[in-house]
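Position in the sequence shown (from 1) plus 11 gives the number in this note's numbering.
Below is one structure, written out as structure tokens; comments come after it.
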Amino acid sequence: MSFETAYSDIVKNIQRVNPIAYANSRNYIDGAVTYLSPYISRGVTSTKQVLQAMVAAGHKPRQMEKFVQELAWRDYFQRVAQVHTRLFCTDIKQPKPQVAHEALPMAMLKANTGIQGIDTAIAQLYQTGYMHNHCRMYVASLACNITRSHWHTPSRWMYYHLLDADFASNACSWQWVAGAFSHKKYYADQQNINRYCHTAQSGTFLDVPYARLETMPIPETLAETTLPTLNTVLPPAQPITINPAKKTLVYNSYNLDPLWRAEEDVNRVLLLEPSHFQQLPISQPSLDFILQLAKNIPSIQVWVGEFADLRQLYPCAGFIFKEHPLFNHYQGQRDERDWMFTQVQGYYPSFFSYWKKCERYLADYNPQLTLFV
Ligand SMILES: Cc1cc2nc3c(=O)[nH]c(=O)nc-3n(C[C@H](O)[C@H](O)[C@H](O)COP(=O)(O)OP(=O)(O)OC[C@H]3O[C@@H](n4cnc5c(N)ncnc54)[C@H](O)[C@@H]3O)c2cc1C
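Next up, the structure:
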């Protein structure tokens with residue numbers, strides 16, 4: 012598995028999505044999932060554009076409801092993050108129950124837990140930067156609920172390695188599994204893992220009734236813990252050229268949209284802030300992926316430094332950026348991001364309360380088409 016970075020290939024991948032096959036098989040590791048998250052997370056495309064592409068291909072919104080619902084999870088978590096801007100380090104609803112430690116089991120770091128479905132998924136994460144949604148849930152459940160780690164360190168470790176690292180989807184999902192953003196912790200037993208990962212293990216520490224999973228002592232294999240080293244090494248800072256007569260579009264690791272104000276004659280700057288990557292470190296392959304994706308944006312220049320310094324150096328640059336809760340400190344003109352259901356805004360305590368509202372608009376969904384170039 013590899014993730015193309017040329018925009019024309021990404022568009023082809025979007026157009027190849029089959030939302031009906033997706034609904035039937037998405038829970039299986041070899042199901043018809045889309046692998047689009049690295050592009051949606053990095054803002055190359057959006058949930059709205061993906062939905063538009065499906066509608067343009069002739070799919071009726073109601074017939075692909077399961078697919079739209081999954082896309083809506085993304086938008087939902089983004090809405091939560093607009094309110095809980097520090098959700099990557101604070102529990103959203105209640106403190107995670109029964110925390111034994113704040114570290115990561117060594118066996119997970121080494122992809123050596125003894126649970127084949129999980130070990131293969133972690134090895135694949137290291138190799139490709141991708142992990143199937145079900146495997147993410149298994150990994151989170153093992154870390155938080157079986158070994159009783161706080162979600163904080165394990166979620167940062169997963170975020171670090173994911174090409175689709177998205178602080179909202181990541182932290183909300185970890186908190187959901189751990190019982191900090193839900194009222195019930197999520198557990199997966201061996202049978203569940205065997206079914207969706209096509210393994211046939213028995214007699215493992217997860218091969219016990221659900222009631223036992225909730226109360227059993229931490230398995231010996233997972234007892235040793237570690238604090239993984241997670242650092243992002245940014246490229247060396249280079250001077251850039253800003254034409255003060257033109258506006259300046261600010262891109263970042265969450266906005267690499269080649270269609271954004273594409274017709275305008277402007278300065279285009281990819282801003283890599285050391286403070287951002289200190290707070291939320293990503294791996295070298297993730298950083299390389301971001302730099303490659305940025306090449307789809309004509310004449311973009313990379314600036315390594317803080318926004319405040321950029322602004323001080325170029326006070327007349329007329330900065331324009333896209334709204335995102337991690338970058339509320341930018342100053343200038345703020346453009347809205349794409350949402351599938353712009354009418355549904357604000358915080359909803361659960362996905363299903365959010366989805367109920369979205370559903371009202373689904374039957375008549377008739378987006379203004381933004382054609383890919
Ligand atoms: C513990 C955990 C951590 C996660 N961390 C991240 C993360 O850092 N970044 C990230 O993008 N997603 C994260 N997810 C959500 C989900 O696993 C991925 O979005 C999905 O697996 C991406 O693969 P795909 O594009 O093939 O998904 P598909 O199944 O093909 O889904 C299509 C699109 O729908 C959206 N979507 C589907 N499922 C979810 C979901 N559960 N939550 C949010 N959006 C969803 C995504 O935009 C995805 O690209 C996490 C889930 C869990 C359980």
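All C-beta atoms, glycine included, are put in the ideal place defined by N, C-alpha and C.
Keep in mind that this is a model prediction, so the values were computed, not measured.
Check: residue i C-beta below 6 Å from any heavy atom of ligand 1
i	result
I51	yes
R167	no
V44	yes
D177	yes
N181	yes
A273	no
M148	yes
L82	yes
W185	yes
R90	no
L304	no
S48	yes
R85	yes
N144	yes
Residue i (DSSP reduced to helix, strand or coil)
i	result
H112	strand
R272	coil
R279	strand
R371	helix
V11	Summary: the structure shown does not reach residue 11, with the chain confined to residues 12 through 384, and so no result is reported for it.
W350	coil
F330	strand
N123	coil
T232	helix
T131	helix
S297	helix
L62	helix
R345	strand
V313	strand
N203	helix
Y171	helix
Spatial neighbours of residue i in its chain, beta-carbon cut-off 6 Å, leaving aside the 5 residues before and after
i	result
C369	A83, F352, V355
D86	T58, W350, M351
Q312	I251, V280
K258	V277, G329, I331
Residue i, buried or exposed, once every other Cβ within 10 Å from all chains shown has been counted against 16
i	result
V261	buried
G128	buried
D276	exposed
V384	Caution applies to V384, whose pLDDT of 48 falls short of 50 and renders its modelled position unreliable; the model cannot decide the point.
Q201	buried
A374	exposed
A179	buried
L238	exposed
M142	buried
Close Cβ partners of residue i (< 8 Å) along its chain, the five nearest in sequence each way excluded
i	result
E317	E284, P285, S286
V94	G357, Y358
Close-in-space but distant-in-sequence residues of the same chain around residue i (CB under 7 Å, 5 per side omitted)
i	result
H172	L136, Y137, G140, S294
I25	L47, T56, V61, A64
R272	L260
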